[in-house]
Every structure is written in structure tokens, then in C-alpha cells.
Amino acid sequence: MSSNTPTVSPPKPESLSESLRRNIEALEGRRKREAASASTQQKVAQKITAFAGSMVFVYVHLVLYGLWISVNVGLIPKVPRFDPSLVTLAMIASVEAIFLSTFVLISQNRMAAAADRRADLDLQINLLAEHELTKLAELVEMIAKHLQVPVSGHDAEINEIKKDVAPEAVLDEIEAHQKETAE
């Protein structure tokens, strides 16, 4: 890596803090428990979706549909045509598409529920961090006053930082802004 690049190499795994390692293990454990708690139907849908989203699936379909079409348009002379109008192939493909889209939707619903849980966790952690930072700002201001460190000129900023954030007010403001821009 050149010395004039603004990026740095990622840390070596042994340099991760113990709390970060614990958090990674906790998240991985949670994911494993969630996967284990999935119903049989959800597990089947996930496996089908995973297979349908693979290149093996594409190759299998290329071979099967390619052979079907080749036989039925007469490209393979020794094999009799069994679907010359390809209507049966179209029907099979349509039914397959219906089922595949259903399996994909089942998997997406499960992933969306997991994403919602992670978003809720992120929000809770962010709100906790915001609250803690507000308290730290108050403490730093008290220390500055005790040490008689001048903070004039920054009073408005400090007062703004010391305000607790009400998530309801933030959400209301976001919704109001979205309504204004939609109109």
C-alpha cells in the first residue's frame, strides 16, 4: 500500500477488542438460533430459493429447456417430437415461475422480519448512545465550569447537544417532511 493513500489496512483479527469479539459471537449465535427456529416450511422455501438463485439452477434449465426445444423443433432427428407447439413447455415454465416466486416471497418475508428486528436493535442502541452522549456533554460542561475553562461562543451549540432526543418527535418531523415533499 502506498503511503499517500487515505485508507489503511483492515486490522488483523487478533487486534479486535474483546467486546467487539463478544458482539460478533453474540450476533452469530443469534443468527444461528433464528435459522434453527425456522419452521420446516421456511427451511424448505429457503433451500429452494437458494438453489433457484444459483448458477447450477441456470445450467440445469439451459440443458433441460435447450434439449426440450431442440427435440421439438426437429434439431435432433432420431428423437420424436412430443411438444411441437411448445405449449407444454410454456405451461411447465409458468407453473414453475409461480412456485418459485412464492418461495422467493416466503424467503424475503423471513429476511424482512430479521431486518426489522436488526433495525429495531440499531434504533435502540442509537437512542441509548444519544442519551449517553447528552449526559456526557452535561458532565463535560460541568467539568469545564469547575475548572473555569471558558466555553463562551459555543453556548448555543452546547445547549443543543445537551438536549435529549425524543424519538417520537423525530419520527413526526420525518413524516411531516415526507408529506410535504409528496404533495
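The UniProt record's numbering puts the sequence shown at residues 1 to 183.
Glycine is no exception: its CB is placed at the ideal position from the N, C-alpha and C atoms.
**Message:** To the nearest angstrom, how far is the alpha carbon of ALA113 from that of LEU127?
**Reply:** Taking the straight line from one Cα to the other gives about 21 angstroms.
**Request:** Flag this pair as touching only if the stretch 102–119 and the stretch 38–53 have three or more C-beta atom pairs under 8 angstroms; answer yes or no.
**Result:** Touching, yes, given that three or more Cβ pairs across the two stretches are closer than 8 angstroms.
**Request:** Can you grab the Cα-Cα spacing for the pair GLN108 / ASP116, in whole Å?
**Result:** Their Cα atoms are separated by approximately 12 angstroms.
**Request:** Excluding the 5 residues preceding and the 5 following ALA169 in the sequence, name in chain order all residues of the same chain whose CB lies nearer than 6 angstroms to its CB.
**Result:** Non-local beta-carbon contacts of ALA169 in its own chain, meaning distances under 6 angstroms to residues more than five positions away in sequence, are absent.
**Request:** Assess, as a yes-or-no matter, whether the stretch 72–87 is touched by the stretch 19–28 under the definition of 3 or more beta carbon pairs within less than 8 angstroms.
**Result:** Short answer: they don't touch.
**Message:** Whether or not the stretch 154–169 and the stretch 126–142 are in contact is what I'm after, with contact meaning three or more pairs of Cβ atoms, one per stretch, closer than 8 angstroms; do they touch?
**Reply:** Touching, yes, given that three or more Cβ pairs across the two stretches are closer than 8 angstroms.
**Prompt:** Of the residues MET111, GLY153, ASP83, which one's Cα is nearest the Cα of GLU34?
**Reply:** Checked all of MET111, GLY153, ASP83; the closest Cα to GLU34 is MET111.
**Request:** Specify, as a first and last residue, the run of the alpha helix (DSSP H) that GLN178 falls within.
**Result:** In this chain, the alpha helix (DSSP H) harbouring GLN178 covers 167–182.
**Buried or exposed by the 16-neighbour rule on C-beta atoms within 10 Å, applied to ALA176** = Taking all protein chains in view, the Cβ of ALA176 is surrounded by fewer than 16 other Cβ atoms within 10 Å, so the residue is classified as exposed.
**Message:** Does the structure place the stretch 85–98 close enough to the stretch 28–44 that three or more beta carbon pairs sit under 8 angstroms?
**Reply:** No contact exists between the stretch 28–44 and the stretch 85–98.
**Which of helix, strand or coil DSSP assigns to ASP122** = Here ASP122 sits in helix by DSSP.
**Asked** Nearest-angstrom Cα distance between VAL44 and PHE57?
**Response** Whole-angstrom Cα-Cα distance: 16 angstroms.
**Asked** Got a sec, what are the start and stop residues for the alpha helix (DSSP H) HIS154 sits in?
**Response** Note, HIS154: premise wrong, no alpha helix (DSSP H); not H, not E.
**Message:** With the cut-off set at 8 angstroms, would you say VAL151 and ILE158 are in Cβ contact?
**Reply:** Taking 8 angstroms as the cut-off, the Cβ atoms of VAL151 and ILE158 count as close.
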